[in-house]
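Student: Okay, handing you the structure first.
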Amino acid sequence: MKKHSMKHLTAAAAAVALALLAAFPAWAASSTKKITSITLEIEADIEPGTDFGEESIEFDASGDKFYVGDYEVKNDGQAWEEDTVPKLEVTLEANDDYRFSTSIRKDKIRLKGVGAVCKGAARKEAGQQLVLTIELDSLTKSLRPIENVRLNPDGVVSWNPVSTAGSYEFRVYRDGKSVGSAITTTYNSYNCSEKLTKSASYYVKVRAINKVDSSIIGEWADSNTMTVDANMASYFKDNPVENPEGVYPYSSWKQAEDGRWWYDNGDGTYPSSNWQEIGGKWYFFDAEGYMVTGWIDWEGKRYFCNESGEMLKDCITEDNYRLGEDGAVISQDPVPGP
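Under mature numbering (1 follows the signal peptide of the UniProt record, and there is no 0), the residues of the sequence shown are numbered -28 to -1, 1 to 310, in order.
What follows is the structure, encoded as structure tokens:
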């Protein structure tokens, strides 16, 4: 029997080991799976006027082949403007045993949500990363929530304007049921007293409609609930408003926690210890800035404001005082009743 020397056996073993080592990279490469398509869902909440970094953007990668590492805003400047088209670089990271293919095609990159479009893709780190350049819908198609919806005692409903809204739709509710059809306006205030002509509890729902795409409609926002008594209902019924839109586009009525009303001029000021004309009607405000009802003594004359705060004029009050065209009492003696 032929014997192999130790020297020859050692050489043979080394040769086998080298062959295995040479084959290992090829074996490892062949075991790595290629990612040849991408599906990514995107949700974004970006408000015009906010700084970069204050936005909320979420990514949902389908399957378990890769995940989203991070994203970077590539727009110029430091803040989101109303006409900004968001531009992002999104880094995808391959999971273990996967690599992004060198031949991944653009038509195999599917983006869903917020009008996202892929403008480019760059493979990095030997296929461990894929960096996507993405553009989202212009922020002109965004709609932030409506805030500060107020139903005021004069029958005017108002809310903070939304810069990307072209119009607003609102509904009046009486004791929880809709009163008539919805009303559309381009202003952020409307006198809806014509719908407040019955004693009941009322509130209003408002939503914004995008100015460049009317199919983009915001969520409903609710106002406070206001009780209309018989006197207020009768007044609203007997005094229809000729032009209900845009009563005060920047200012609004506010209600304190104790139920009293005051008027925000919209510039950081409010009326106090004085009269102010609002929507063609006169109201009086005390030293603290709250609306006053009932009899008011002012510069030697007496005036009367009803429960809605409006100064009455050219009429006879319930206690039979005659008021002149300027609202002042003509005579201090009550007019004889019938």
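For each residue, glycine too, the CB sits at the ideal point set by N, CA and C. Keep in mind the model is a prediction, meaning the values are calculated, not measured.
Taking the alpha carbon of Asn182 as the point to measure from, which residue in Arg116, Glu27, Arg122, Ser150 has its own alpha carbon closest?
Tutor: The residue given as residue 182 occupies position 210 in the sequence shown. When only C-alpha atoms are compared, the closest one is Arg116.
Student: First and last residue of the beta strand (DSSP E) that includes Asp236?
Tutor: In the sequence shown, counting from the first residue as 1, residue 236 sits at position 264. Residues 233 to 236.
Student: If I follow the unbroken alpha helix (DSSP H) through Tyr207, where does it start and stop?
Tutor: Stepping through the sequence shown from its first residue, residue 207 is reached at position 235. From DSSP, the alpha helix (DSSP H) with Tyr207 extends over 202 to 210.
Student: Enumerate in chain order the residues of its own chain whose CB-to-CB distance from Ser280 is below 7 Å, with the five nearest sequence positions on each side excluded.
Tutor: Taking the sequence shown and counting its residues from 1, one reaches residue 280 at position 308. For Ser280, where only same-chain residues beyond five positions count, the Cβ hits under 7 Å are Pro125, Asp126, Met204, Tyr207.
Student: Taking C-beta to C-beta, are residue 313 and Thr105 nearer than 8 Å?
Tutor: The chain is shown only over -28 to 310; residue 313 falls outside these bounds and no answer can be derived.
Student: I'd like to know if the stretch 26 to 40 and the stretch 62 to 71 are in contact, where contact means that at least 3 CB-CB pairs between them fall below 8 Å.
Tutor: yes
Student: Could you give the distance in angstroms between the alpha-carbon of Ser165 and the alpha-carbon of Ser34?
Tutor: Reading the sequence shown from its first residue, position 193 is the one you call residue 165. Reading the sequence shown from its first residue, position 62 is the one you call residue 34. So the alpha carbons of these two residues sit roughly 52 Å apart.
Student: What residue range does the beta strand (DSSP E) around Asn246 cover?
Tutor: Numbered from its first residue, the sequence shown carries residue 246 at position 274. That run of the beta strand (DSSP E) goes 246 to 250.
Student: Helix, strand or coil: how does DSSP classify Asp194 here?
Tutor: If you number the sequence shown from 1, residue 194 lands on position 222. DSSP places Asp194 in strand when its eight states are reduced to three.
Student: Classify Gly266 as helix, strand or coil using the three-state DSSP reduction.
Tutor: Here the question's residue 266 lines up with position 294 in the sequence shown. Looking at Gly266 - three-state DSSP - the assignment turns out to be strand.
Student: Between the stretch 49 to 66 and the stretch 22 to 34, are three or more C-beta pairs nearer than 8 Å?
Tutor: yes
Student: So what does DSSP say about Thr157, is it helix, strand or coil?
Tutor: Numbered from 1 along the sequence shown, position 185 holds the residue referred to as residue 157. If DSSP states are grouped into helix, strand and coil, Thr157 belongs with the strands.
Student: Hey, how far is the Cα of Ser28 from the Cα of Asp17?
Tutor: On the sequence shown, residue 28 is found 56 positions in, with the first residue counted as 1. On the sequence shown, residue 17 is found 45 positions in, with the first residue counted as 1. Cα-Cα distance, rounded: 5 Å.
Student: Determine the extent of the beta strand (DSSP E) in which Asp42 is found, giving its start and end residues.
Tutor: Indexing the sequence shown from 1 puts residue 42 at position 70. Following the DSSP letters along the chain, one finds Asp42 inside the beta strand (DSSP E) bounded by residues 38 to 45.
Student: To the nearest angstrom, how far is the alpha carbon of Tyr140 from that of Ser73?
Tutor: In the sequence shown, residue 140 corresponds to position 168, counting from 1. In the sequence shown, residue 73 corresponds to position 101, counting from 1. Spanning the two alpha carbons is a distance of roughly 49 Å.
Student: Cutting at 6 Å between CB atoms, please list the residues of its own chain near Glu282, excluding the five before and the five after it.
Tutor: Taking the first residue of the sequence shown as position 1, residue 282 is located at position 310. Cβ within range, chain order: Lys253.
Student: Do Val200 and Val121 have their C-beta atoms within less than 8 Å of each other?
Tutor: Taking the sequence shown and counting its residues from 1, the one referred to as residue 200 is at position 228. Taking the sequence shown and counting its residues from 1, the one referred to as residue 121 is at position 149. Not a contact, by the Cβ cut-off of 8 Å.
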